[in-house]
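A short write-up of the structure that comes next.
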Amino acid sequence: MTPQQIRETVKANYPDFYGTESHRRNVEKGHYKDLDHALLAQIYVASRTGGQIFVDKTQKPIRLTLAPGVSDDISVPDEEIDAENLERLEAGVGTLYVLGTNLYTKNGEEIIKIGITTGTVENRINQLYTTGVPFRFRVIKEFETKNYYELEQSIHKLLDPYRINRSREFFTEKCLPYVEQIISIHKDIHTKA
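In the numbering used here, the protein residues as written are -10 to 182.
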């Protein structure tokens, strides 16, 4: 099904998932033009769930299928769609960012965050800067690309030895030289493909 077909199915068969508090809040903030756009953004973000949803990008609009054996109960935390850009989600374009945290390990190495967004990096920083974060993040690097989700997954896997917590996107600054190399390889592959 296309994301648009999924949206219509949700509206018709699962009305509790349409016009949620998160959808209304994002429309009020101007992130999305209406409730349909807010739901569509949530569907696109859900397609980045790391292997649970197969994304066929060979056609426009893309087609989404649940991977075999996957439960159809896939949820996306509300805060994940707050700063996303629907047009960039639909185009498959996003930004990989590397952020400094101004926090250091006991060895004096800065802890950095590597992630993706289809919104602006500044909006993502604002989203991350909550009462539980002592310092505001700062941009070290940002790289706009197609296949941003695949790039993020590759970087996370390759830089795993520098990861602070296996379930989080935080690494030590010692990985920074490799980020440049991985991005360069990614760019080279996609310009020649």
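Beta carbons are placed, not taken as given, at the ideal position from N, Cα and C, and that holds for glycine.
Length of the line joining the Cα atoms of residue i and residue j
i: Leu88; j: Arg157; result: 14 Å
i: Ile103; j: Val168; result: 9 Å
i: Asn154; j: Thr161; result: 10 Å
i: Leu85; j: Arg113; result: 11 Å
i: Phe6; j: Arg(-4); result: 10 Å
i: Asp177; j: Ser143; result: 15 Å
i: Arg152; j: Arg127; result: 19 Å
i: Asn115; j: Lys18; result: 14 Å
i: Tyr118; j: Phe159; result: 15 Å
i: Gly8; j: Ser173; result: 41 Å
i: Gln170; j: Glu99; result: 20 Å
i: Asn2; j: Gln(-7); result: 14 Å
i: Cys164; j: Leu148; result: 7 Å
i: Thr120; j: Thr47; result: 42 Å
i: His12; j: Ala35; result: 15 Å
i: Lys95; j: Leu78; result: 39 Å
Same chain, Cβ closer than 8 Å to residue i, neighbours up to 5 away in sequence not counted
i: Asn136; result: Gly81, His175, His179
Residue(s) in a DSSP beta bridge with residue i
i: Lys130; result: Val87
i: Leu55; result: Ile42
i: Lys135; result: Val82
i: Thr161; result: Ile100
i: Tyr93; result: Glu99
Close Cβ partners of residue i (< 6 Å) along its chain, the five nearest in sequence each way excluded
i: Lys146; result: none
i: Lys181; result: none
i: Lys130; result: Val87
i: Arg37; result: Tyr138
i: Pro57; result: none
Beta-carbon spacing of residue i, residue j below 8 Å
i: Leu53; j: Val44; result: yes
i: Phe132; j: Asn91; result: no
i: Glu73; j: Gly108; result: yes
i: Pro50; j: Thr(-2); result: no
i: Tyr138; j: Ile101; result: no
Residues near residue i by beta carbon distance below 7 Å, same chain, minus five either side
i: Tyr21; result: Asn15, Ala27, Ala30, Leu75
i: Asp25; result: Arg(-4)
i: Lys0; result: Tyr7
Endpoints, alpha helix (DSSP H) assigned at residue i
i: Ile153; result: Ile153 -> no alpha helix (DSSP H), and no H or E assigned at all.
i: Glu73; result: From DSSP, Glu73 is part of no alpha helix (DSSP H); its letter is neither H nor E.
i: Pro(-8); result: -8 to 2
i: Leu148; result: Where Leu148 is concerned, there is no enclosing alpha helix (DSSP H), given that its DSSP letter is neither H nor E.
i: Ser11; result: 10 to 17
Residue i, enclosing beta strand (DSSP E) - first and last residue
i: Lys102; result: 99 to 106
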